[in-house]
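Novice: Residue numbers (this note's numbering), protein chains in the order written: chain P, 1 to 144; chain L, 145 to 599. Note that the Cβ used here is the ideal one computed from N, Cα and C, for glycine as well.
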């Protein structure tokens, strides 16, 4: 079974990205921080925001994909720093499905695989895919 | 049969409040002794008396039951303790991942032993701490067993390990309470000519501030080295059926019994000095052991290569250590950090004055680090077999080679920065189940070959 991020996930990330940028700009301006009254910093800020909106966030969503083959869960993620994670099923202790409010709004789910040495996150998956994956993990755990 | 723990329980519990006795005692030994001082001393002694009484009451209310198997060995233990909050604990011998029997000089005088029993869990200290008589402890845990599979470490090798692996900061933390008391007791009476002699011998030409700093570092390192040496001198390890029995210590003797099945990692470690002398240490990670402050689960403090291989064959013959490695190909990843460190030091010299003196020490330290990293690069690697995972990498100022059974390897991550993608290299990180170190990382490996290996 293969999985990837939900097609609406990029809009969720864009919403969070814009909200964070607006909050930072608003707080800085209201507090009267001098740095926020430098025009060229606003230009740089806008460029960073644009790069994030059009390039970084879509690439981040496109890059996340994974495969579950009954024995291991393998994922690929990361836009600039790319990462591949391999979690053998034998080391899996438990798994969780996170549904924060924004995830519900966009129909996304985040699955967290917990093992003794830490955890691996599978973010912003499609709800149906997350359900199928967790059902398979549960079934495999019972069979074992 | 239920019993009360050995009296040393109260002594060691009350030992936590020793610092509360300092103020009243200081008042009493001060000259001249007046009635007012005595009254103030009595007032200041009230918290110490109350807390000491609390420890005594805890001991009186503590009950334990240690049951023995048919052969007279430890089978299970139940402990009920606590004064305000009572709690009961039950541990079976099968669940005990490690048992540590400690004999301090005080316990030797009182003919008692302190036993720490740990299970494989996530607590920060031992699950149960018992105080039993020496004879009963020896019988329960069969401490006098002698097997042919025994390995002894020479005291010279222990000294090398202590001198090269000691940390000045740890030594200073250890010595801080003593230093404080010594400072108070000696006060201005400490012979000035002693400090002058040390400064003249070691720190000739340095400003006083640096001399003091140098003395502190030297003192800290000395205390740490001495502490490590006293802890591991006389060390031997032997295999007893399914347990490892480690014995160490000069004044405080420690017998540690570790279930071999609970060993989750074997690490071979070398500092730069040990490498020059051809010595290595072997450290194990065992579920349930190594939690308490000061414990380092050392299997072999220091030994030459052949002796170490022989020791591992005798003590852990079933542990997988034959893993071919895929070696690192990118040297830059290993050397950029120490080179940056050294260049910052050189930059500081531009400020002149005191900074020029600091630069020498800074660059020397950076150079040492660079050497370690270069050596680490030459042997850095990663390997997988059906039974084990092996990683070889520099960590801090040491060179490490880690062997992990496949079943404790929880997660493997391959990461690539944009530069690594251009060069076709990657960093491998392995996360595993263990008490202390759960992450191991090797940089600069060839990406495609690592992927093939992991498949």
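Pull the bridge partners of residue 95(P) from the DSSP assignment, please.
Specialist: For residue 95(P), which the question treats as bridged, DSSP gives the partners 113(P).
Novice: Can you give me the start and stop residues for the beta strand (DSSP E) that residue 299(L) sits inside?
Specialist: Here residue 299(L) belongs to no beta strand (DSSP E); instead the alpha helix (DSSP H) covers 299-309.
Novice: At the 9 Å Cβ level, is residue 95(P) part of the contact set with chain L, yes or no?
Specialist: By this cut-off, residue 95(P) is not an interface position.
Novice: Against chain L, does residue 122(P) count as a neighbour if the rule is that its beta carbon must be under 9 Å from one of theirs?
Specialist: No, no contact with chain L.
Novice: What residues in the segment 77-89 of chain P have a beta carbon less than 8 Å from any beta carbon of chain L?
Specialist: Listed by position along the chain: 78, 80, 81, 82, 83, 84, 85, 86, 87 and 88.
Novice: With a threshold of 16 other CB atoms inside 10 Å of the CB of residue 7(P), please say whether the residue is buried or exposed.
Specialist: It counts as exposed.
Novice: Would you mind stating whether residue 110(P) and residue 123(P) have Cβ atoms separated by less than 9 Å?
Specialist: Yes.
Novice: To the nearest angstrom, how far is the alpha carbon of residue 527(L) from that of residue 472(L)?
Specialist: If I take the Cα positions, the gap works out to 11 Å.
Novice: In angstroms, rounded to a whole number, what distance separates the CA positions of residue 364(L) and residue 373(L)?
Specialist: Approximately 14 Å, taken between the alpha carbons.
Novice: Along chain P, in chain order, which residues have C-beta atoms closer than 7 Å to that of residue 531(L)?
Specialist: Here the premise fails: no neighbours, minimum Cβ distance about 13 Å.
Novice: Going by alpha carbons, who is nearest to residue 601(L) out of 406(L), 428(L), 167(L) and 150(L)?
Specialist: Only positions 145 to 599 of chain L appear in the structure, and residue 601(L) is not among them; the question remains open.
Novice: Quick check: what's the CA-CA separation for residue 54(P) versus residue 84(P)?
Specialist: Spanning the two alpha carbons is a distance of roughly 24 Å.
Novice: Beta-carbon within less than 7 Å of residue 499(L)'s beta-carbon, same chain only, minus the 5 sequence neighbours each way: which residues are those?
Specialist: So the list reads 492 and 493, once near-sequence residues are dropped.
Novice: Residue 514(L) and residue 482(L) - do their beta-carbons sit closer together than 9 Å?
Specialist: Yes, the pair counts as a contact, with Cβ atoms nearer than the cut-off.
Novice: Using a Cβ cut-off of 9 Å (strictly closer), state whether residue 2(P) contacts chain L.
Specialist: Residue 2(P) does not count as touching chain L.
Novice: Return the CA-CA distance between residue 244(L) and residue 79(P), expressed in angstroms with no decimal places.
Specialist: Approximately 49 Å, taken between the alpha carbons.
Novice: With distances taken between CB atoms, is the gap from residue 92(P) to residue 28(P) smaller than 9 Å?
Specialist: Result no, Cβ atoms of residue 92(P) and residue 28(P) do not sit closer than 9 Å.
Novice: To the nearest angstrom, report how far apart residue 504(L) and residue 239(L) are at their CA atoms.
Specialist: Computed Cα separation, rounded: 54 Å.
Novice: Listed from N- to C-terminal order along the chain, which residues in the segment 397-425 of chain L have their beta-carbon within a distance smaller than 7 Å of any beta-carbon of chain P?
Specialist: So nothing in the stretch comes that close.
Novice: Note down the Cα distance separating residue 156(L) from residue 230(L), rounded to an integer number of angstroms.
Specialist: Their Cα atoms are separated by approximately 19 Å.
Novice: Check whether chain P comes within 9 Å of residue 271(L), counting only Cβ atoms and requiring the distance to be less than that.
Specialist: It does not; no Cβ of chain P falls within 9 Å.
Novice: Name the chain L residues that come within less than 7 Å of residue 116(P), Cβ to Cβ?
Specialist: Within 7 Å Cβ-Cβ: 554 and 577.
Novice: Grab me the residues of residue 138(P)'s own chain with a C-beta within less than 7 Å of its C-beta, minus the 5 sequence neighbours each way, in chain order.
Specialist: Counting only Cβ-Cβ distances below 7 Å, and skipping sequence neighbours, we find nothing.
Novice: Let me see if you follow: with CB-CB separation under 9 Å, is residue 557(L) close to chain P or not?
Specialist: Yes - at least one Cβ of chain P is within 9 Å of the one on residue 557(L).
Novice: Using the DSSP secondary-structure output, state which residues sit across from residue 224(L) in a beta bridge.
Specialist: Answer by DSSP bridge pairing, in chain order: 207(L) and 232(L).
Novice: Distance check for residue 468(L) and residue 386(L), CA to CA, integer angstroms please.
Specialist: Whole-angstrom Cα-Cα distance: 28 Å.
Novice: Out of 358(L), 283(L), 431(L) and 517(L), state which residue places its alpha-carbon closest to the alpha-carbon of residue 615(L).
Specialist: With chain L covering only 145 through 599, there is no way to say anything about residue 615(L).
Novice: Residues of chain P with CB closer than 7 Å to the CB of residue 225(L), please, in chain order.
Specialist: Going along chain P, no residue has its Cβ under 7 Å from residue 225(L), so there is no contact; the nearest lies around 30 Å.
Novice: Can you tell me whether residue 403(L) is buried or exposed? The criterion is at least 16 other CB atoms within 10 Å of its CB, across all chains shown.
Specialist: Under this definition residue 403(L) is a buried residue.
Novice: Tell me which residue opens and which closes the beta strand (DSSP E) that residue 125(P) is part of.
Specialist: Residues 118-126.
Novice: Which residue from 32(P), 24(P), 94(P) and 99(P) puts its Cα closest to that of residue 128(P)?
Specialist: For residue 128(P), the nearest C-alpha among the options comes from 99(P).
Novice: Is DSSP giving residue 125(L) helix, strand or coil here?
Specialist: No information on residue 125(L) is available, as it lies outside the stretch 145 to 599 that chain L covers here.
Novice: Report buried or exposed for residue 117(P), applying the criterion of at least 16 other Cβ atoms within 10 angstroms of its Cβ.
Specialist: Its Cβ being crowded by 16 or more others within 10 Å, residue 117(P) is buried.
Novice: What residues match up with residue 428(L) in a beta bridge as DSSP calls it?
Specialist: Note: residue 428(L) sits in a beta bridge opposite 410(L).
Novice: Looking at the unbroken alpha helix (DSSP H) that takes in residue 489(L), where does it start and where does it end?
Specialist: Taken as a continuous stretch (DSSP letters only), the alpha helix (DSSP H) holding residue 489(L) covers 476-492.
Novice: State the beta-bridge partners of residue 399(L) as determined by DSSP.
Specialist: Note: residue 399(L) sits in a beta bridge opposite 245(L) and 391(L).
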